[in-house]
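All remarks here apply to the structure that follows.
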Amino acid sequence: MNKVQSRFARPKGMDHESSSNLYVANCGPAVGISFDNIESVFGTFGKVIGIYAADETGTRVIVCFHEVSAAQAAFKALNGSSCSDLGGRTLHIRYSISQPPQKVLGDDSLPVSLLASELAIPGIYLEHEFITLKEEQELLAEVDTRPWKRLSKRRVQHYGYEFLYATKNVDSKQFLGELPSFVSHIVKKIMLFPGLDDDRSKQVDQLTVNEYPSGVGLSPHIDTHSAFDELIFSLSLAGPCIMEFRRYPQGTWHAPAAAIGNNPQQFSNFTRKAIFLPPRSMLLMSGEGRYAWHHYIPHHKVDTVGGHVIKRSSRRVSFTFRKVRKGPCCCEYRQYCDSQKS
Ligand SMILES: O=C(O)CCC(=O)C(=O)O
Ligand SMILES: [Fe+2]
81 MNKVQSRFAR
91 PKGMDHESSS
101 NLYVANCGPA
111 VGISFDNIES
121 VFGTFGKVIG
131 IYAADETGTR
141 VIVCFHEVSA
151 AQAAFKALNG
161 SSCSDLGGRT
171 LHIRYSISQP
181 PQKVLGDDSL
191 PVSLLASELA
201 IPGIYLEHEF
211 ITLKEEQELL
221 AEVDTRPWKR
231 LSKRRVQHYG
241 YEFLYATKNV
251 DSKQFLGELP
261 SFVSHIVKKI
271 MLFPGLDDDR
281 SKQVDQLTVN
291 EYPSGVGLSP
301 HIDTHSAFDE
311 LIFSLSLAGP
321 CIMEFRRYPQ
331 GTWHAPAAAI
341 GNNPQQFSNF
351 TRKAIFLPPR
361 SMLLMSGEGR
371 YAWHHYIPHH
381 KVDTVGGHVI
391 KRSSRRVSFT
401 FRKVRKGPCC
411 CEYRQYCDSQ
421 KS
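The number in our numbering is simply the position in the sequence shown, starting from 1, with 80 added.
Right, dumping it as structure tokens:
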């Protein structure tokens, strides 16, 4: 079954009762109703040949039947009535017509991996359900009782060492104290993170908590090599997002936005990959993925993942655990390394 963004739109003016396509509003992944769910309900009226997102809201879909008569039967039975198999929602249905293909925006054409193995960037790992729902609620409750520092678009809290946004570094001489006890079970579990043998490298002493409102992302950057050791762990809470990774062929230790003025050509050509970060997942950036790829959270209110439209929730909170570096970075990715800049 094809489940990609569609060429269909809400019809304007007269309805087209001879169409085998239905535009169904108040139903979709953003309100907890999956395409499989929709297929099983509409499939009772006849063969469904496709379900598509009608737009980016995640609450409107197009259901395409093989037969017009099936679309008519589903329309009669389901329009304006509440459907218990679809969360008791009242569906608003119209007939739909297909439209000429529309331009697909660049961002949407980037496939989004669900697994780090699909992403295939050396050093990037993702573990789903790293913590339980209860632990997630507890962590959120803890940070919500503590003061947030307001940045222009998001709020942050720092533990262990303050992160200084002006220099993209920490003041390593100013130790704020041990990481708080409400993260000690996470810090312990990080030591068990699969695929890494050396436990010492997993000892973290700095935590940045980021709270992103819906639609707010993070500009492309490489965490400053001289500021933090190799391993960077990021736990997603409360809501999902997409993280995009970019490898610039002629890399630089500058943020691309800062360096772009010097040589725009150099930054127009890069490799892009993206991964979906669901709540409660733990991302590990290490090796090439940490040192040589920029990471970026697009500023979207909805993300398209495998043809499904996923609405960002009212906030995403991330806990990023790092170890402050003592001494210069000696990585093999010199071109991205501020410790080794010539
Ligand atoms: O929110 C995240 O998962 C990433 C945060 C991040 O990249 C950073 O603080 O440097
Ligand atoms: Fe980062």
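Glycine is no exception: its CB is placed at the ideal position from the N, C-alpha and C atoms. Predicted, not measured: the structure shown is a model, and the values here were computed from it.
Select from the options the residue whose C-alpha is nearest the C-alpha of residue i.
i    : options                   : result
G407 : Y328, Q420, L315 and Y413 : Q420
S395 : Y241, C321 and D303       : According to the sequence shown, residue 395 is Arg rather than Ser. R395 has its Cα closest to that of C321, out of Y241, C321 and D303.
K391 : V192, P109, Y103 and G160 : P109
E97  : A133, L195 and E147       : E147
V284 : S299, V267, F155 and Y416 : V267
A150 : L171, S398, F122 and G160 : F122
A105 : D135, V397 and S232       : D135
G240 : G386, R230, D251 and V385 : D251
L231 : T124, A246 and M271       : A246
H305 : V296, F125, K248 and L287 : K248
Y328 : F401, H374 and F255       : H374
G319 : D303, H301 and V382       : V382
F325 : T351, A154 and E119       : T351
P202 : E291, Y416 and L364       : L364
P265 : A133, E215 and F255       : Note on residue identity: the sequence assigns His, not Pro, to residue 265. With distances taken between Cα atoms, H265 lies closest to E215.
F308 : K353, V236 and G367       : G367
V236 : C163, N290, S299 and V404 : N290
K403 : Q286, I131 and A133       : Q286
G168 : C411, T400, H238 and I118 : I118
S176 : F399, G387 and S99        : S99
H301 : T400, R370 and K353       : R370
T384 : T137, F125, I129 and I113 : T137
H388 : N159, G130 and F125       : G130
S261 : L315, S316 and E218       : E218
V111 : S393, E412 and L298       : S393
V141 : S164, C163, K156 and L171 : L171
S164 : I113, A133, Y205 and V128 : I113
Per the DSSP calculation, residue i is bridged to which residue(s)?
i    : result
Y416 : Y416 is not bridged to any residue.
L357 : C321
A105 : R140 and H172
Q217 : Answer is none; Q217 lacks a bridge partner.
N249 : L244
D383 : I390
S316 : S398
T351 : R327
C163 : R169
A133 : V141
H238 : T288
V404 : F308
Just mark residue i as buried or exposed, buried being the case when its beta carbon has 16 or more other beta carbons within 10 Å.
i    : result
N101 : buried
P274 : exposed
E310 : buried
W228 : exposed
D116 : exposed
E258 : exposed
L195 : exposed
L244 : exposed
S161 : exposed
C107 : buried
T139 : buried
M323 : buried
T288 : buried
C410 : exposed
R398 : Sequence inspection shows Ser at residue 398; the Arg mentioned does not correspond to that position. So S398 ends up on the buried side.
K156 : exposed
Quick one: grab the DSSP three-state call for residue i.
i    : result
H374 : strand
S98  : coil
D309 : coil
L231 : coil
G369 : helix
S264 : helix
A151 : helix
V223 : helix
N117 : helix
F125 : helix
A196 : helix
I302 : coil
I270 : helix
P111 : One point to set straight first is that residue 111 is Val, not Pro, in the sequence displayed. V111: helix per DSSP, three-state reduction.
L256 : coil
L158 : helix
C411 : coil
Cβ of residue i less than 8 Å from any chain C Cβ?
i    : result
Q283 : The structure shown contains no chain C; it holds only a single protein chain.
Worksheet item: If you pair each beta-carbon of the segment 211-228 with each one of the segment 350-364, do three or more pairs fall below 8 Å?
Response: yes
Worksheet item: Can we say the segment 370-378 touches the segment 217-227, given the rule of at least three CB pairs closer than 8 Å?
Response: no
Fill in: Residues whose Cβ lies closer than 6 Å to any heavy atom of ligand 3, in chain order
For ligand 3, the structure offers nothing, since it holds only ligand 1 and ligand 2.
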